[in-house]
Amino acid sequence: MTAQRFFPFALLMLFALSLANLLFGAVSLSLHDIWQGLFVGSEQHFTVYEYRLPRIFLAILVGAGLALSGALVQGVIRNPLASPDVLGVSHGAGLAAVFYMTYFSGASTEWLPEVALAGGICAALVLWYLCGTHSSAIKLAITGVALAAFWASCIDFLMLTKPLEINNALLWLTGSLWGRSWPQLQALLPWFVLVPFALGLSKYLNVLDLGDDSANSLGVSPQSVRLLSLAIAVALTAACVSVCGPIGFLGLVAPHLTRKLVGGRHQSLLPASMLTGACLLLAADLAARTLAPPIELPAGILTAIIGAPYFLWLLLRMK
Amino acid sequence: MSLSAHQLSVGYHGHTIVKKMDLTLPDGRFIALLGPNGCGKSTLLKCFARILPAMSGEAHWQGQNLHHYPSKQLAKELALLPQTQPIPEGIKVKDLVAYGRSPYTGFWGKLSTQDHQIVEQMMKQTGTYELRDQLVSELSGGQRQRVWLAMVLAQDTPYLLLDEPTTYMDINHQVELMHQLQALNKQGKTIITVLHDINQAARYCDHLVVMKAGELKYQGSPEDVLTSTMLKEVFSLNAQIHRDPVSGTPMCVVED
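First to last, the sequence lines map onto chains A and B. Just so we're aligned, residue 1 is where the first sequence starts under this note's numbering, counting upward by one. Just so we're aligned, residue 1 is where the second sequence starts under this note's numbering, counting upward by one.
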């Protein structure tokens, strides 16, 4: 598939999935119900306007944000198995959130997103402190994976020693769009001013694919491109995770799948990955809400169910 | 336009490899950097390509300190073909060659008509035009090397640096590459390459620079440089010098 054919197709998918998310759920609505529901006073106003519609926008933003971060990280680390997870950002955010929930259980959960955001950014700063600006991609990846494992073990330690609050923590850690609405969307949206800057790095990320020496010779400083790309990826991931919890594998699968479809030129790859990520999360959330109504599965479990085999398949294919 | 070293020392992690070298590389020539392993030939090339900084002394480009020269301008004047190249995923041959135009393109990297023409021309010149829609990751080693050469040529620089370009190639591809470089040199490009094979250097290049233990030992035409004395001194090798029966250039034959 070429990039020219990918974009109309993906936009159509995005529209269809959004519509499906409005129509289906614990109760199925008609197109007429949805139209009515957009206005105050109608019977379905709560379901459509307060519940389903903001979730769709949130799924699109979070899916696109995590996928873009993944594409940036894969471009920087030059490894298709890389994702924002290898930087330890999601786990850092998770640790901060679990810590907050166990030690400040009386405190308002209203501050949870801010705490998780700070945790994610702190995790990235620790990585930066350990690696410095001039480290190679592979050192960054290995240090990041080690740190992620360390944060994960801290999470386990907290959850095992403080079993009382384990339920809330578990719920948050699987990543879900449940109960999120317009306030979360408002909190997340400002972070997307970073997207144009990320797209502006396309040309430089392309050159980075040729290796550091060639990039240098083409007048591009690999260190600066890496630093900028990772900073944007960290900020977007932390922002997304702070709102929805860590949604596993999306940052890995979406850009990788997209690279197969549109190729590795970042001018196409970055925006196309965003669309793929948005579609995948919309599909996961649709499945989460409709597989066993009225029970809701966390979308993070569904992305993991698809993502984990994909990851294994990738590993097996690597020579 | 010329590249030179002035009391230049280069090395890694505080360990000096190239020692206080003074060297001016002549313009418009096909130059080979020769010497035994660890003599500093690749290190010197890496310093000229600004991959390594000068530890002391200076490298000069057009009379200015090379390491303070504006990066974007330098990218239009001096290109490098590294020894090993990564294999990018999902990149077509024509895309990779077009990346060589990045010093000339704008913010979004969009190619102008002229850029397209140069990319096409360089693919034709290196025999990679037929491969243009294939993925770089699916090519053979020899094909990939030619694609990278096309990319570096698309950078359209008067100077070209190559780090042991023939080391991992089959002999037929080696010959092909040397012929291509010779042709480029005839078109006016200055070519500076690190080589391992002395006879290959003497046959195709017209200026040899011989180093040993980080110091410049000899430089000049193959006729002047490739002598029994030089081979004895630099490589500790007893060898006779004969004429290459095909090209008439000097050629060393090792004695028992």
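Backbone N, C-alpha and C define an ideal beta-carbon position, used for all residues, glycine too.
Annotation for Lys162 (chain A): Thr102 place their beta carbon closer than 6 angstroms to its own, counting only its chain and skipping 5 residues before and after. Judged by beta-carbon spacing, Asp163 (chain B) lies within the 7 angstroms limit of Val194 (chain B), meaning their Cβ atoms are closer than that value.
Looking only at A:Leu281, A:Leu171 and A:Leu87, the smallest Cα-Cα distance to Gly144 (chain A) is reached by A:Leu87. By the rule that beta-carbons nearer than 7 angstroms mark a contact, Gly90 (chain B) touches chain A.
In the structure shown, His13 (chain B) adopts coil according to DSSP, grouped into three states. Ranked by how close their Cα comes to the Cα of Leu282 (chain A), the residues A:Leu38, A:Gly41 and A:Gly63 have A:Gly63 in first place. When the Cα atoms are used, Ala93 (chain A) and Gly120 (chain A) turn out to be separated by approximately 4 angstroms. With respect to Ala5 (chain B), Cys205 (chain B) sits apart: the two C-beta atoms are not nearer than 7 angstroms. Per the C-alpha coordinates, the member of A:Ala272, A:Val89 and A:Ser136 positioned closest to Val115 (chain A) is A:Val89.
Under the three-pair Cβ rule at 8 angstroms, the segment 8 to 18 of chain B counts as touching the segment 52 to 63 of chain B. For the C-beta of Asp285 (chain A), not a single chain B residue is nearer than 8 angstroms; the gap to the nearest is close to 28 angstroms. When Cβ-Cβ separations below 7 angstroms define contact, Asp95 (chain B) makes contact with chain A. With a threshold of 16 other beta carbon atoms within 10 Å, Ile17 (chain B) meets it and is buried.
DSSP, reduced to helix, strand and coil, places Ile192 (chain B) within a strand of the structure shown.
Collapsing the DSSP output to three states places Trp61 (chain B) in a strand. For chain A, the residues of the segment 59 to 90 of chain B that bring a beta carbon within less than 9 angstroms of one of its beta carbons are Pro70, Ser71, Lys72, Gln73, Leu74, Ala75, Lys76, Leu78, Ala79, Leu80, Leu81, Pro82, Gln83, Thr84, Gln85, Pro86, Pro88, Glu89 and Gly90, in chain order. Remark: C-beta atoms of Ala150 (chain B) and Thr167 (chain B) do not approach each other more closely than 7 angstroms. For Lys212 (chain B), the enclosing beta strand (DSSP E) stretches over residues His207 to Lys212. Cβ neighbours of Ala238 (chain A) within its own chain (closer than 7 angstroms, five residues either side excluded): Val89, Ala93, Leu117, Gly120 and Ile121. Any Cβ of chain A closer than 7 angstroms to the Cβ of Ile51 (chain B) would place that residue at the interface, and such an atom is present. Chain-ordered listing is empty here: chain A has no CB closer than 8 angstroms to the CB of Ser140 (chain B), the nearest sitting near 16 angstroms. Residues of the segment 206 to 218 of chain A that bring their beta carbon within less than 7 angstroms of a beta carbon in chain B comprise Asn206, Val207, Asp209, Leu210, Gly211, Asp213, Ser214, Asn216, Ser217 and Leu218, in sequence order. Less than 7 angstroms separates the beta-carbon of Leu185 (chain A) from that of Pro54 (chain A). If you draw a straight line from the Cα of Asp213 (chain A) to the Cα of Leu80 (chain B), it is about 8 angstroms long. Per DSSP, the continuous alpha helix (DSSP H) segment holding Arg317 (chain A) begins and ends at Ala299 to Arg317. No residue range can be given for Lys92 (chain B), since it is assigned to no beta strand (DSSP E) and is classified by DSSP as neither H nor E. Any Cβ of chain B closer than 7 angstroms to the Cβ of Gly264 (chain A) would place that residue at the interface, and such an atom is present. Taking 7 angstroms as the cut-off, the beta carbon of Ala304 (chain A) is found closer than this to the beta carbon of Gly248 (chain A). Asp197 (chain B) and Leu208 (chain B) have their C-alpha atoms spaced approximately 12 angstroms apart.
Taken through DSSP and simplified to helix, strand or coil, Gln7 (chain B) comes out as strand. Taking 7 angstroms as the cut-off, the Cβ atoms of Ala239 (chain B) and Pro222 (chain B) do not count as close. The DSSP assignment places 182 to 188, 194 to 200, 202 to 208 and 212 to 217 as complete runs of the alpha helix (DSSP H) inside the segment 168 to 219 of chain A, in order along the chain (cut-off: 4 residues).
Considering only beta carbons, the part of the segment 96 to 112 of chain B lying closer than 8 angstroms to chain A consists of Leu96, Tyr99, Gly100, Ser102, Pro103, Thr105, Phe107, Trp108 and Gly109, in chain order.
Membership of Gln145 (chain B) in any beta strand (DSSP E) is not indicated; the residue belongs instead to the alpha helix (DSSP H) covering Gly141 to Ala154. Closest in alpha carbon position to Gly65 (chain A), among A:Leu257, A:Val195 and A:Leu269, is A:Val195. Chain-order list of chain B residues neighbouring Gln223 (chain A): empty, with the shortest C-beta distance near 12 angstroms, by a criterion of under 8 angstroms.
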